[in-house]
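Numbering follows the UniProt record's numbering, with no gaps: position 19 of the sequence shown is 19.
Where is the CB? At the ideal position from N, CA and C, for every residue including glycine.
Since the model is a prediction, treat every value here as computed from it, not as a measurement.
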Amino acid sequence: MQPLKLFFDCDTGIDDALALGYLLAEKEKVEIVGIGSVCGNTDAASGARNTLNLLSLAGAEGIPVAQGNAGHLCAAFHNSSQHIHGENGIGDVILADSPHPLAAGSAAELLVDLARKYPGELQVLATGPLTNLACALQLEPGLGQLLGQVTLMGGAANAPGNRTPVAEANIAEDPEAAGIVFSALDNLVMVPLDVTMQQLFEEHHHRQLLNAERPFARALGEMLTLYMGFYQQKLGRNVCAIHDPAAAFFAVQGLEGCVAPKVKVVIDDTRGPGRGQTICDLRGQYSGFPPQENANCRVVLNTDKDLAPLLIEKLLNV
Ligand code: BDR
Ligand code: CA
């Protein structure tokens with residue numbers, strides 16, 4: 001089987017770095033044909049630089065990395081995640097500078113170019129705010145017909161939010177962009193907090209990475225030190241949620257063993273207390289989720305998999 005062609009849109013970001021590592025480890029199943037950076041965990045320029053440096057560390061040069069806009073669709077970007085992802089976005093771990101330049105053009109332009117180059121074939125994994133996807137839709141309104149599945153880490157279906165009582169950070173950062181994406185596309189897979197907060201890296205996984213032979217895995221371990229410190233304050237023990245790597249896993253492996261009904265999801269982009277909420281029509285849960293008219297998104301509510309050991313095994317080999 002041919003590897004799936006993937007555009008990876010990310011705000012690297014500690015767990016974005018883990019997701020990237022997982023994708024690189026699955027090279028027989030996935031070919032990353034382009035990467036976009038978006039502001040979220042850090043600004044888009046730092047996210048792009050982090051991504052380029054990680055690619056160099058993994059010896060995976062040659063994948064074009066394009067930078068996203070300096071702000072979100074309707075608002076300037078203010079970084080509020082330094083306490084989670086560090087000053088530089090990757091837990092203040094210093095990586096060697098990649099000798100490779102950024103791709104010409106914006107992240108949205110790269111996505112549109114690749115979608116036209118691989119019509120019907122290109123899939124997207126978005127692990128940051130949806131700004132670049134929304135900009136790409138503005139550049140190419142027919143993007144929905146060109147793209148295959150679009151998997152995103154974001155949202156909260158039945159779970160509480162992590163940025164506000166109802167909103168998850170990636171959606172809350174740019175609700176207008178998310179609104180455009182969820183209105184325009186109907187082949188979405190959303191990996192929300194409902195599933196990602198149930199999947200944890202424990203301290204022994206952290207140690208496995210810190211003690212790894214390969215420098216990429218060791219760097220991930222060093223990044224996790226800060227990330228797990230954040231979750232220690234939230235959850236009372238030294239663990240961290242597996243957000244972006246879970247979305248990467250499902251993008252590559254599919255949704256076998258998941259409860260993931262296809263339903264209508266709309267984004268609250270109003271200025272009220274619901275801003276950033278992913279409103280999922282889960283009324284079908286009482287009748288086995290019958291097919292729903294206008295359904296646009298498979299919402300991953302849970303999985304029978306324990307993702308941590310599966311991911312660590314892969315990450316140790318990048
Ligand atoms: C999401 O927000 C970011 O902090 C993480 O990288 C992840 O994509 C979790 O809400
Ligand atoms: Ca992210």
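query                                                                                                : result
Where the alpha helix (DSSP H) through K234 begins and ends                                          : P215 to L235
C-beta atoms of G68 and A103 nearer than 7 angstroms                                                 : no
Beta-carbon proximity check, T12 vs N50, cutoff 7 angstroms                                          : yes
Inter-residue spacing [alpha-carbon to alpha-carbon] between L146 and L6                             : 13 angstroms
According to DSSP, residues forming a beta bridge with A17                                           : Beta-bridge pairing links A17 to no other residue.
Cβ-based burial, A66 [other Cβ within 10 Å; buried from 16]                                          : buried
Beta carbon nearer than 7 angstroms to a non-hydrogen atom of ligand 2                               : C10, D11, G13, D15, D16, G40, N41, T127, G128, M153, N170, H243 and D244
Beta-bridge partners of R298, as assigned by DSSP                                                    : V189 and K262
Rounded C-alpha distance that separates C240 from Y231                                               : 6 angstroms
Proximity below 7 angstroms, CB of G248 to CB of D194                                                : The amino acid at residue 248 is misidentified as Gly; the sequence shows Ala. No, these two residues do not count as a Cβ contact at 7 angstroms.
Proximity below 7 angstroms, CB of A58 to CB of H205                                                 : no
A172 versus L226, H72 and V124, residue with shortest Cα-Cα distance                                 : H72
For V195, the three-state DSSP class (helix, strand or coil)                                         : helix
For D281, the first and last residue of its enclosing alpha helix (DSSP H)                           : From DSSP, D281 is part of no alpha helix (DSSP H); its letter is neither H nor E.
Helix, strand or coil at A66 according to DSSP, with G and I counted as helix                        : strand
Cβ-based neighbour list, G89, same chain, cut-off 7 angstroms, excluding 5 preceding and 5 following : T12, G13, N41, T42, S46, G47 and N50
Residue-level contact to chain B via CB, K314, 7 angstroms cutoff                                    : The displayed structure is made up of one protein chain only, and chain B is not part of it.
Terminal residues of the alpha helix (DSSP H) in which D113 lies                                     : A107 to K117
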